[in-house]
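Per the numbering used here, residue 12 is the first one in the sequence shown, and the count goes up by one each step. For glycine and all other residues, C-beta sits at the position ideal for the given N, C-alpha and C.
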Amino acid sequence: MYSYLYSAVIYGVKAEMVKVEVDISRGLPSFNIVGLAGKTVRESAKRVRSAIINSGFEWPVKKITVNLAPGNINKYGSHFDLAIAAVLLECSGQINIKNKKNKFFAGELNLNGNINHVKGLLSMLLAASKNNYLQAIIPQANQKEALLVKNLTPFLLKHLRDVNNLEAAEKNNFISDSNQNSTLNYPELSQIRGQKNAKNALITAAAGGHNLLLIGPPGCGKTVLAESIVKLLAPLNKKELLETASIYSINNNLKELNLEKKYRPFIAPHHSITSAALIGGGQIPVPGEISLAHNGVLFLDELPEFKNSVLANLREPLEKKEIKIVRQQGSYYFPANFQFVAAMNPCPCGFAGVKDRECKCSERDIVRYQQKLSGPLKDRIDLQIEVLPLKKDEILTKNIPEKEVNYLKKIKKARLMQAQRYEKTKIKKNSELMLEDIEKYCQPDRRGKKVLNQAYENLKLSVRGYIRLMRVARTIADLNSNSKITESDLIKAIDFRWYAEKSEMLL
Numbered sequence: 012m013y014s015y016l017y018s019a020v021i022y023g024v025k026a027e028m029v030k031v032e033v034d035i036s037r038g039l040p041s042f043n044i045v046g047l048a049g050k051t052v053r054e055s056a057k058r059v060r061s062a063i064i065n066s067g068f069e070w071p072v073k074k075i076t077v078n079l080a081p082g083n084i085n086k087y088g089s090h091f092d093l094a095i096a097a098v099l100l101e102c103s104g105q106i107n108i109k110n111k112k113n114k115f116f117a118g119e120l121n122l123n124g125n126i127n128h129v130k131g132l133l134s135m136l137l138a139a140s141k142n143n144y145l146q147a148i149i150p151q152a153n154q155k156e157a158l159l160v161k162n163l164t165p166f167l168l169k170h171l172r173d174v175n176n177l178e179a180a181e182k183n184n185f186i187s188d189s190n191q192n193s194t195l196n197y198p199e200l201s202q203i204r205g206q207k208n209a210k211n212a213l214i215t216a217a218a219g220g221h222n223l224l225l226i227g228p229p230g231c232g233k234t235v236l237a238e239s240i241v242k243l244l245a246p247l248n249k250k251e252l253l254e255t256a257s258i259y260s261i262n263n264n265l266k267e268l269n270l271e272k273k274y275r276p277f278i279a280p281h282h283s284i285t286s287a288a289l290i291g292g293g294q295i296p297v298p299g300e301i302s303l304a305h306n307g308v309l310f311l312d313e314l315p316e317f318k319n320s321v322l323a324n325l326r327e328p329l330e331k332k333e334i335k336i337v338r339q340q341g342s343y344y345f346p347a348n349f350q351f352v353a354a355m356n357p358c359p360c361g362f363a364g365v366k367d368r369e370c371k372c373s374e375r376d377i378v379r380y381q382q383k384l385s386g387p388l389k390d391r392i393d394l395q396i397e398v399l400p401l402k403k404d405e406i407l408t409k410n411i412p413e414k415e416v417n418y419l420k421k422i423k424k425a426r427l428m429q430a431q432r433y434e435k436t437k438i439k440k441n442s443e444l445m446l447e448d449i450e451k452y453c454q455p456d457r458r459g460k461k462v463l464n465q466a467y468e469n470l471k472l473s474v475r476g477y478i479r480l481m482r483v484a485r486t487i488a489d490l491n492s493n494s495k496i497t498e499s500d501l502i503k504a505i506d507f508r509w510y511a512e513k514s515e516m517l518l
């Protein structure tokens, strides 16, 4: 007797479809799983047997062979349990599954037949939908993932017995989703007191997708400023939401995404993080923090405190928007298209150059501290802003809402200008402009050219410094609804780049 069903296996952040075949024949009773099955899959033999018996079905006392095809892909994960159990019951004639070619199965079984939540199910559902499967038989605990894939009918099961009555599972097992969304809360930029220059830099970074470095003493508000960028960014669109949610599903922390408001992810790892945790890794590689920040923001606080080897790993994803991890069984690609925001003190004690505060660091200590950041990493940061401590009046005086500029409308308008300008190109944001693009899209007016010539002479701009200056100037011009870059746009861009040039951060 022979039968089959379909499941899937995660490979990187995508899933490959797997055909689960079962053959029951005469011979000594045995249960064998073939097809490059990993340890977790081979262990399913004991779980499936107990679950079938404890669910009121009969275990076929015959020679049972399970094959997971194709045989050239490593299979791992306990989610094959449900497919193996269901095809065994169907092959032995205990249940009848109609339209097997259109159905996808995934779920982990308890010994009593209960079906548990599985990681990475969203990637599997997207692969099933792409391969024209119409129905998904999955655990009820994975309801959130099921609701994100619209063209796949979910059958949410609590117990193995429910596989014999899928129509009831489709109608009755959905539960209220009122408390399922993330409770993460981010500050409003308008609620932050003072720091006018830093706020303008954040608005510019959000409008043009620029990487940002905030430099200032402890307690001046660098972290809360960085967190406020989340509400300045455009909400995730449908494609981005599915991409990001798939990664979170693989890491089993989908609850950390706000699926209702579609906020972009904001990832802030501690400075003690390892390279594997940041970029991803493991015997079977899983996404790291930079992939969790995909389509969102990666924030590194106390930047020089991170290990040099960890920071060096950021170069590739900042340039290529993905990370490649090589293992014996193959190469894995994880997406890492994030906006980089960082914060640091100007010196080890944090008070170098701060008025009315004494810095206890020697000049050598300050230089060594700032040199912990490599030139190639600093070179990828367009905006480098000095954040100064608030004055007494700024701390004690509340912000007046009437005086707050409607920056959200300005940012939205600037994004629209970029979309129209780069409509026929692969460029999406000003931060992606290269030298040949700058010559085409970033022409200053007559007075702007004079300012640019002065900046070149005074700041000794390199080619890279020039590119970053013009990227920022283009975004400021868009925020001011200027088709050409004006004198004031360039002066503001130079102000945002001044700390970088002054401290020789672009070599």
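Per DSSP, what are the beta-bridge partners of residue i in this structure?
i    : result
V33  : S14 and V77
I496 : P455
F349 : According to DSSP, F349 bridges with nothing at all.
F277 : V308
M428 : Answer is none; M428 lacks a bridge partner.
G292 : V297
A48  : K86
I148 : F116 and F166
N43  : T76
A19  : M28
Please name the residue, chosen from the options, that lies closest to residue i on a Cα-to-Cα basis.
i    : options                   : result
N113 : L401, E178, Q146 and A138 : Q146
L167 : L132, M12, P198 and L200  : L132
R172 : Q454, P150 and N162       : P150
I295 : S18, V24, L16 and K73     : V24
G124 : V174, A157 and I63        : I63
Q350 : R368, L303 and Q381       : L303
N83  : N65, V129 and E27         : E27
R199 : N491, L213, K242 and E178 : Strictly speaking, residue 199 in this sequence is Glu, with Arg absent from that position. Comparing Cα positions, the closest option is K242.
Q429 : T486, D393 and Y380       : T486
L177 : L137, A216, F115 and I438 : F115
L236 : A245, L244 and L225       : L225
From residue i to residue j, what distance separates their C-alpha atoms?
i    : j    : result
P357 : R391 : 19 Å
V33  : F42  : 10 Å
E327 : V337 : 14 Å
L401 : G205 : 7 Å
H170 : P71  : 20 Å
K273 : S14  : 42 Å
S499 : A466 : 13 Å
K371 : A363 : 8 Å
K440 : D489 : 11 Å
N153 : R426 : 36 Å
V31  : Y17  : 6 Å
N127 : E119 : 5 Å
S36  : I261 : 37 Å
N196 : H305 : 19 Å
N324 : Q382 : 17 Å
L309 : P359 : 23 Å
I290 : R475 : 26 Å
I502 : N348 : 30 Å
Y343 : S373 : 45 Å
M135 : T51  : 18 Å
Helix or strand or just coil, what does DSSP make of residue i?
i    : result
Y344 : strand
S189 : Residue placement at S189 cannot be trusted, given a pLDDT of 48 that sits under 50; what the coordinates show is reported in the next sentence. Correct three-state label for S189: coil.
E413 : With a pLDDT of 43 at E413, under the threshold of 50, the modelled position of that residue is not reliable, and no figure is offered here.
R391 : coil
T285 : coil
I438 : coil
K86  : strand
R204 : coil
Q339 : coil
N127 : strand
S373 : coil
F91  : helix
M516 : For M516, the predicted model reports a pLDDT of 38, less than 50, meaning its position is unreliable; a value from the coordinates is still stated below. If DSSP states are grouped into helix, strand and coil, M516 belongs with coil.
F68  : coil
T408 : coil
A26  : strand
M355 : strand
L253 : helix
Assuming residue i contacts residue j (C-beta within less than 8 Å), just tell me the rounded distance between them.
i    : j    : result
A299 : P276 : Looking at the sequence provided, one finds Gly at residue 299 rather than Ala. Contact flag wrong, Cβ pair sits at about 13 Å.
V29  : A80  : 7 Å
L39  : K86  : Rounded, the Cβ-Cβ distance is 25 Å, inconsistent with contact.
T234 : A354 : 6 Å
F91  : S66  : At roughly 17 Å, the Cβ-Cβ gap does not stay under 8 Å, so F91 and S66 are not in contact.
V483 : R508 : 7 Å
Y418 : R432 : The pair is not a contact, with the Cβ atoms about 21 Å apart (cut-off 8 Å).
G220 : S442 : 4 Å
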